[in-house]
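This report refers to the structure that appears directly beneath it.
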Amino acid sequence: MDLKNRTVAETWAKPSSSAKDLPKQLTPDHRSFTSFNNQQQKWEDTSLLDFNNGIQPPFPEFNQTSKAPQNHNSQIKGPDQEDMQSNETPDSNRFQDWDPRVMLNNLSFLEDKIHQLQDLVHLIVGRRGRVLGQPDELATQQQQLITTDLTSIIVQLISTAGSLLPSVKHTLSTANPAIGQLGQLGGVLFPPANNLNGGVPQQNSGGSKVSDQSNQIELTENCGTEQNYAAEEHEAKDDDDADEGENLAPGSYEILQLEKEEILAPHTHFCMICGKGFKRDANLRMHMRGHGDEYKTPAALAKPNKDSSEPMLLKRYSCPYAGCKRNKDHKKFQPLKTILCVKNHYKRTHCDKSYTCSRCNTKKFSVIADLKTHEKHCGKDKWLCSCGTTFSRKDKLFGHIALFQGHTPALPLDETKPSSVPSDRAENNESKLGNIGFNFSASASSGNAVQNMVDVKGAVDDPTAYFSPLNFDPCNLPGFHEFPRPSLEESDGSFSFLIPDACNYNQKTGGESGSNDLE
Amino acid sequence: MGTMKRQRSDKAFNFTPFDLLTEEIVFIILDFLDENPLDRKSFSLVCKTFYTIESRHRRTLKPLRSEHLTTILSRYPQVTSLDLSLCPRITDSSLNVISHVYKSNLKSVDLSRSKFFSHVGISNLAMNCTNLVELDLSNATEIRDSAMAAIAEAKNLEKLWLARCKSITDIGIGCIAVGCRKLRLISLKWCLGVGDLGAGLIAVKCNDIRSFDLSYLPITNKCLPPILKLQHLEDLVLEGCFGIDDNSLTVLKQGCKSLKALDMSSCQNVSHVGLSSLTSGSGCLQQLILAYGSPVTLALADSLQNLSTLQSIKLDGCQVTCSGLKAIGNWCVSLRELSLSKCLGVSDEGLSTLVTKHKDLRKLDITCCRKITHVSIAHITNSCTSLASLKMESCILVPREAFVLIGQRCLLLEELDLTDNEIDDEGLKSISRCSKLSTLKLGICLNITEEGLSHVGLCCTKLVELDLYRSVGISDVGILAIARGCPGLEIINVAYCGKVTDHSLMSLAKCPRLNTLEIRGCPLVTSLGLTAIAVGCKQLSKLDIKKCYNINDAGMIPLAHFAQNLRQINLSYSSVTDVGLLSLASISCLQSMTILHLKGLTPSGLVAALLACGGLTKVKLQACFKSMLPQPLFEHLEARGCVFQWRDKAFQAEVDPKCWKLQLEDVQ
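Heads up: the protein sequence lines correspond to chains D and S, in order. Mapping the first sequence onto the UniProt record's numbering, position 434 (from 1) lands on 434, and the numbers just tick up by one. Mapping the second sequence onto the UniProt record's numbering, position 602 (from 1) lands on 602, and the numbers just tick up by one.
The following block contains the structure:
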């Protein structure tokens, strides 16, 4: 079974669900035929309106992804062609039984359609190049055309792919008549320019807005990129427990069991000429190019095993460790999906954890990718409780504190440092208070002669002339010199600052003076 | 000590009848002297005995200057409540002194206007003052979680204000939640670092919470379940919590049973659906504030009709529909308070239906309901005869005849705001029948003259606040009538009343309680009038003499001498020079100065004044001074707790008052 094709199908149904879930999710759609039909009506209304009147399109989302459809086109094409060769699974629209010929028909039909679409896009690209001042409506109409076509292709592809799975067969076959009908309906409803002829297209879109489809298309795209990652060994730490829910009927798949040495071997692909080992066969093929021109042909560079037109049996893997749940002899045997799963499972479960985190020196891992993931987060966001427990997430810490009496969130170590800054600054300010010298000389009295009276000094010269810093030491207070602020009792002297020796006015510090300083 | 002193005075044959009174009796007398803080001050200055008695009697203290903190604290040993909101500079050492002097006596500290302290000082306070019950740390934008951890040591804390403490996070709030289990009130307004986890943990740990302010926090529905489970929660403020929406609220399906007041202002994502699910279980909700929220429609009004104890609802700034107002009118409860201020869509039809049903309305705010006419006023005055407060600023379609109805029917009015209305002397004459009137706002009422105002002066003897801003028909005769008839006048605004002269000020000088005087843009007023005010109104704390071109240094000197309670002054555009400004330094509690476009002010004169006025916290200055004066000077002043606001507005010539109104209309 082609991996790529399957993932596309998965994404369509639900990104995380396994292929087995697909029919389950499809069926409700088929059953709710009537409601769906209503939606279909809606769909048709809006689209027709737009086509006829050329008013503002209701799908502004697509203006942004104007280039996307072309990409999809090429992307989808690949797996599709491969499907044609490798899988001969029936669509079983009319036949109850598995019929490779129907499948082949379907696939070639799909191929034709993709070619048509490609031509259309080519045409649009060419035209756009020539006429720059084209109205937007036309462009959006074209986009809509392409989108509808693409949607129909994707839907058909999925239903084709879905029919490949043995267990899906029956559900689909019962459901598909409805699809057929629907497809016809849809074909009638859409303008002929759409090139839609009775395909399954709109049934899965369920008359949903095109914006939804755009999301889903994006998903397929994402999925494509994920596949690229999947090729990278350490990125694809497919959790070997993820396929827990997969319930394949015993015997419906082929069980392979690798030996321990094989699993732990650093390289699995070896050059026939120089003997160099590689982790991936793609890398080996790249390497082979260096050994001569005969390895540079498209055939030599193509992925092996793709040409075989024989139907492939589903492959599942068993862990060589006896007694393991993943071992085929276990009562409740749960097979592993891929070789990568086997490798990670074996290392995680049955090997020493030899990679230690260099940051915390406590956490150990057997898969280097796990270590890398851990190191990304290690030491960061440590949420600490007063009891010493650490949490990776703040909400976990708060849940813990809410649960236990007396536990308090502990401040991070660096918290105390910055908080002391204000106090430092306060002290700086205080010293600043002292540093400003202000000479209140006799000239203060003559209003205009104040030019000289401001004397900002950086250094301490004349202690009595200062604005004293705040000093709460009572014994220093008598020396507290400041500009006079006559209190009520001394209202006679309220102009005393005009008197030459006013600067030496000694602020009264007795209890009485305080009476004026509060409300 | 006290007895010894008394014996000594006996020996000196300085016997006074007060010596017969025990300290306890004087204490009881002093208990009645709490209306005006100045009274206690006068009492303490009578003699040494009184001085010591007052020192021991005082429980609350609001120091003006932190420099003298040590002296003041030692003078008043019995203080339990310390309000430091007038001391912008409170350092860790200040807090250290406070906590060591008062120790466990201290119950309440207000640091909401103070800066320069850190977690060290707070820690000192929390450790030494073990009986601390109230702590206001609002606006302490610098403090962090470490300070919160310090507060958590104050185990008896019941009220905590942390508004605008932007640097604290969930962790700090978590510490408080665990440490201060007796909390009854907590305000986390604008604590942007606090989210669901912190707010939720407070609700989980502090079961005694009565009042919970979560305004403008980035919280979502996740913290609401524990909050709504609080057994005693009475006041919940969720103003501007954009993370709360209908979907999350409908899922909750649980209201808080004890809730009495709910504020959901500016929650744009909450409509009647979410609101009804939130209020569904609240059997005793009395006050609901939904300002600037979703439109007041039939659905919203219907969703709230089951609130059987509702007394007050505020819908300020909401889009209002006629059917919505009618539906509110059909509620079975009788509202006491209704605010429709700045609501769009308030029509005569809706408002009339509403007010005819809610006959018990005490407070009604229909500010800027520009569509209503005399029909609404007729209905309001007809049915709501017990109105105590009516605010109807800028109801521009209400004709002058309608105001006569107010005076005829709503005789219990205490507060009336008629700013920017068509009222004339006839209306004013009628309104003067409301003898309980204490606040009257007649700003931008261009049709009134001294004739109408004389009636007010004759009849409204309880008037405390009068606003005549830009009511250009007013002249000295009217002010004289007010000054004679309303001895309790505290606030008066005659800004831009161009006819007002010194005579008005001389008559206002007879109002001994006057504390706020705004005579902005009165060119006929001179220093002479200001002198009269300074001498007569000892309690003057706010003075605005902007654009009084004829006030100069001659007015400042008596002001500096007599107005010892002046806090705030605006001197812009006046003829005051360096000398006048410098003389203000003798007013020890002067905190705020606005000094723009003073022609006679030199940079050095400004510096002298700034340095001399030690209590300044806010100064508005012309931006050009910034470059003229040395930077260390500003650093020094800022270290004292002064904030500078720089203005770079060009000199503005005064326009004709009528012309001003026209300009305003053009803008609108």
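Glycine included, each C-beta is placed from N, C-alpha and C at the ideal position.
Where DSSP assigns a beta bridge to residue i, which residues make up the other side?
i, result
"cysteine 385(D)", "Pro409(D)"
"histidine 269(D)", "Phe278(D)"
"asparagine 269(S)", "Partner(s): none; asparagine 269(S) has no beta bridge."
"methionine 375(D)", "Strictly speaking, residue 375(D) in this sequence is glutamate, with methionine absent from that position. Its beta-bridge partners do not exist; DSSP assigns none."
"lysine 620(S)", "Thr594(S), Gln645(S)"
"isoleucine 569(S)", "Leu543(S), Met593(S)"
"isoleucine 491(S)", "Glu465(S), Thr516(S)"
"residue 669(S)", "There is no way to answer for residue 669(S), as the model of chain S reaches only from 1 to 668."
"tyrosine 292(S)", "Answer is none; tyrosine 292(S) lacks a bridge partner."
Give the secondary structure of residue i by DSSP, where H, G and I count as helix, E and B as strand, and everything else as coil.
i, result
"phenylalanine 18(S)", "helix"
"valine 109(S)", "strand"
"methionine 103(D)", "helix"
"aspartate 420(S)", "coil"
"lysine 547(S)", "coil"
"asparagine 207(S)", "coil"
"aspartate 467(S)", "strand"
"alanine 261(S)", "strand"
"lysine 363(S)", "strand"
"methionine 392(S)", "coil"
"valine 500(S)", "coil"
"proline 558(S)", "helix"
"asparagine 344(D)", "helix"
"glutamate 254(D)", "strand"
"glycine 437(D)", "With a pLDDT of 43 at glycine 437(D), under the threshold of 50, the modelled position of this residue cannot be trusted, and the question is left open."
"threonine 577(S)", "strand"
"threonine 130(S)", "coil"
"serine 376(S)", "helix"
"aspartate 316(S)", "coil"
"serine 81(S)", "strand"
"threonine 148(D)", "helix"
Let me make sure I understand the geometry here. Which of the options has the alpha-carbon closest to that of residue i?
i, options, result
"lysine 441(S)", "Gly317(S), Lys620(S), Val464(S), Cys180(S)", "Val464(S)"
"threonine 373(D)", "Arg359(D), Gly292(D), Cys385(D)", "Arg359(D)"
"threonine 439(S)", "Leu416(S), Leu132(S), Val456(S)", "Leu416(S)"
"cysteine 175(S)", "Cys385(D), Thr140(D), Lys337(D), Asp149(D)", "Cys385(D)"
"glycine 172(S)", "Leu160(S), Glu158(S), Gly198(S), Ala163(S)", "Gly198(S)"
"valine 576(S)", "Ser108(S), Leu606(S), Ile479(S)", "Leu606(S)"
"lysine 626(S)", "Val619(S), Ala639(S), Trp646(S)", "Trp646(S)"
"aspartate 112(D)", "Leu313(D), His267(D), Asp149(D), His377(D)", "Asp149(D)"
"histidine 291(D)", "Gly277(D), Ala299(D), Ile273(D)", "Ile273(D)"
"threonine 419(S)", "Ser435(S), Ala650(S), Leu466(S)", "Leu466(S)"
"cysteine 319(D)", "Pro266(D), Asn344(D), Ser108(D)", "Asn344(D)"
"leucine 64(S)", "Ser85(S), Glu426(S), Val194(S), Lys182(S)", "Ser85(S)"
"phenylalanine 344(S)", "Ser588(S), Ala299(S), Ser294(S), Asn382(S)", "Note that residue 344(S) corresponds to leucine in the displayed sequence, not to phenylalanine. The option with the nearest alpha carbon to leucine 344(S) is Ser294(S)."
"valine 46(S)", "Glu67(S), Phe18(S), Ser303(S)", "Phe18(S)"
"leucine 387(S)", "Cys368(S), Val535(S), Glu426(S), Leu437(S)", "Leu437(S)"
"serine 138(S)", "Asp302(S), Leu315(S), Lys115(S), Cys129(S)", "Lys115(S)"
Any chance the CB of residue i is under 7 Å from a heavy atom of the ligand GTP?
i, result
"leucine 157(D)", "Absent from the structure shown: the ligand GTP. Ligands present: none."
task: Can you check the region 152-179 of chain S for any beta strand (DSSP E) of at least 3 residues that lies completely inside it and give the ranges in chain order?
output: 159-161
message: To be precise: take each residue of the region 375-401 of chain D, compare its Cβ to all Cβ atoms of chain S, and keep it if any distance is under 7 Å. Which residues remain?
response: Lys394, Asp395, Phe398, Ile401
query: Relative to chain D, which residues along the region 545-561 of chain S have a C-beta separation below 8 Å, given in chain order?
result: Cβ contacts with chain D: Ile557, Ala560, His561.
- prompt: Which of the residues in the region 139-150 of chain S, read from start to end, lie with their CB under 8 Å from any CB of chain D?
  reply: Hits within the stretch, in order: Glu142, Ile143, Arg144, Asp145, Ser146, Ala147, Ala149.
field: chain D contacts made by the region 230-256 of chain S, where a contact means CB separation under 7 Å
entry: none
message: Along the region 15-34 of chain S, where does the CB come closer than 9 Å to a CB of chain D? Name the residues.
response: The region 15-34 of chain S vs chain D, Cβ under 9 Å: nothing.
task: With 7 Å as the C-beta to C-beta threshold (strictly closer), list the residues of the region 314-341 of chain S near chain D in chain order.
output: none
- prompt: Given a limit of 8 Å on CB to CB distance, which residues of the region 101-112 of chain S reach chain D?
  reply: none
task: Select from the region 158-178 of chain S all residues with a C-beta closer than 7 Å to any C-beta belonging to chain D, and list them in chain order.
output: Asp170, Ile171, Gly174, Cys175, Val178
Residue ranges of each beta strand (DSSP E) within the region 188-248 of chain S, 3 or longer: 211-213, 235-237
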